[in-house]
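According to my numbering, the stretch in the sequence shown is residues 9 to 379, in order.
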Amino acid sequence: MPRFVVTPWEVKGKVDYDKLVKQFGTKLIDANLLKRLEKHTVKLHMFLKRGIFFSHRDFDWILDMYEKGEKFYLYTGRGPSGYTHIGHLVPWIFTKHLQDVFDAELYFQVTDDEKFLFKKEFRLEEAIGFTYDNALDVIACGFDPKKTFIFSDVEYAKTLYKMAIQVAKHITFSTAKAVFGFTNESNIGAIFFPAIQASPCFFPSVLKEKNVPCLIPAAIDQDPYWRPSRDVAPKLGFYKPAQIHCKFIPGLGKGGKMSSSQPETCIFTTDPPEVAAKKIMNAFTGGRGTVKEQREKGGNPDVCSVYQYFYFMFEEDDKKLREIYGTCKNGARICGDCKKMLAERVKKFLVDHQHKREKAKNIIQEFMLKD
Ligand code: TYM
């Protein structure tokens, strides 16, 4: 029995990323690739240095093409099932970095159809409502309005559908079952949906009337979608889409990824800063039972959710991060102080992000693609 599960709809258990790379057939981002990338950036992004973006398919080919003068576009997305949480921002922050470094256009898909089809009691109107709310978070990440195209599947259906049926014709039900685990109980909308998520790998090439390489930054849970997309690409005369995958930012509880289904261990971008601070004060840490014991034996940052937040997003300075790690281990730092320090940073981040979300309301129409 596998000790962990990673699918686009479920992430369970302690993920062994090395095993996952083998299981999914992707490649680890190695030192050579990082060196190559470093040539194009002023400074290697923290997510790369820390191995948060850790795996890829054909990212080396994307760089080959770019170095030959062929620009690529970025494609990523969101399933609008509720408010955005901090975990979702990880791939988007990195996508914005890639947009800046490579001057790349971004196609951002909001799969209101997916959430309607896969979530039992979810109404279509709710999904469409969250499409617009979540788009504010995307815009708040700072993407260039001239180079960023956000679209709701439901509202961009005409363009999408034309591509989706071409993709769908090349994917058999037997492949869809093997990749996504569909059963006789799956609704037929869900079975068709992978063709919709594959479509933005190709339709920008159609819009531009020339083949353009596509790079998809996302967490590794989305990878199953790209396998049939890559198989179909040459059959339709397109380049295979390339991917760069990140790990999951954990929740504030003991293990598991940050997930909206556990709101008490999840920081939403819309949380009032004081509410988020309270969640952090209740977070699972690697601390000892008493302060005395902690001072004597030290804590365990390797299992601590608070330390993970510094690692993923809230301490950019490597030297300071090492100091947090070291002073936890030797007992100089106690969990209460560490939580307060993180809570202050997260509050500041949320105030700033929420301000940008408000401003995004005035410019959202500049970003939205419509048929
Ligand atoms: P969704 O809404 O589940 O997730 C949006 C993005 O966030 C990533 N993600 C995380 N990253 C780091 N830590 C976490 N805890 C965490 N949880 C989620 C996801 O991998 C994703 O990149 N079907 C998709 C929507 C979609 C899409 C795409 C995503 C359509 N086209 C292209 C990526 C690329 C979905 O429901 O994502």
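Here a beta-carbon is modelled for each residue, glycine too, at the ideal position from N, C-alpha and C.
- Burial of His-93 is indicated by the presence of at least 16 other C-beta atoms within 10 angstroms of its C-beta.
- Using a cutoff of 7 Å, the CB of Cys-254 counts as near the ligand TYM, since one of the ligand's heavy atoms is closer than that.
- Beta bridge pairing from DSSP links Lys-128 with no other residue.
- Per DSSP, the unbroken beta strand (DSSP E) holding Arg-86 starts and ends at 81 to 86.
- Ile-332 sits buried, since 16 or more C-beta atoms from the chains shown fall within 10 Å of its C-beta.
- In the DSSP assignment, Cys-222 forms a beta bridge with Tyr-81.
- Only exposed fits Ser-269, as fewer than 16 other CB atoms lie within 10 angstroms of its CB.
- Thr-335 and Cys-312 do not touch by the CB rule: their CB atoms are close to 13 Å apart, not below 8 Å.
- Remark: the shortest separation between the CB of Ala-226 and any heavy atom of the ligand TYM falls under 7 Å.
- One Cα belongs to Val-14, the other to Lys-154, and the distance between them is close to 35 Å.
- DSSP lists no beta-bridge partner residue for Ala-285.
- Secondary structure of Leu-168 (DSSP, three-state): helix.
- DSSP, read as helix, strand or coil, puts Lys-337 in helix.
- From the listed residues Ala-148, Ser-237 and Tyr-233, the smallest Cα separation to Gln-362 is found for Ala-148.
- Thr-156 is classed as buried because its beta carbon has at least 16 other beta carbons within 10 Å across all chains shown.
- Taking 8 Å as the cut-off, the Cβ atoms of Val-118 and Ile-158 count as close.
- Spatial neighbours of Pro-16 in its own chain (CB-CB distance under 7 Å, excluding positions within 5 residues in sequence) are listed in chain order as Asp-229, Gln-230, Pro-232 and Tyr-233.
- For the stretch 250 to 304, the full-length beta strand (DSSP E) segments reaching 3 residues or more read 250 to 254 along the chain.
- When distances are taken from the beta-carbon of His-53 to the heavy atoms of the ligand TYM, even the shortest one reaches 7 Å or more.
- One Cα belongs to Leu-82, the other to Gly-339, and the distance between them is close to 45 Å.
- Measuring C-alpha to C-alpha distances from Asn-195 to each of Glu-272, Ala-351, Phe-126 and Val-359 identifies Phe-126 as the nearest.
- Distance from the CA atom of Gly-295 to the CA atom of Ile-371, rounded to whole angstroms, is 45 Å.
- Across the structure, Lys-218 and Gly-77 are spaced so that their CA atoms are roughly 14 Å apart.
- For Gly-263, the Cβ stays outside the 7 Å cut-off from all heavy atoms of the ligand TYM.
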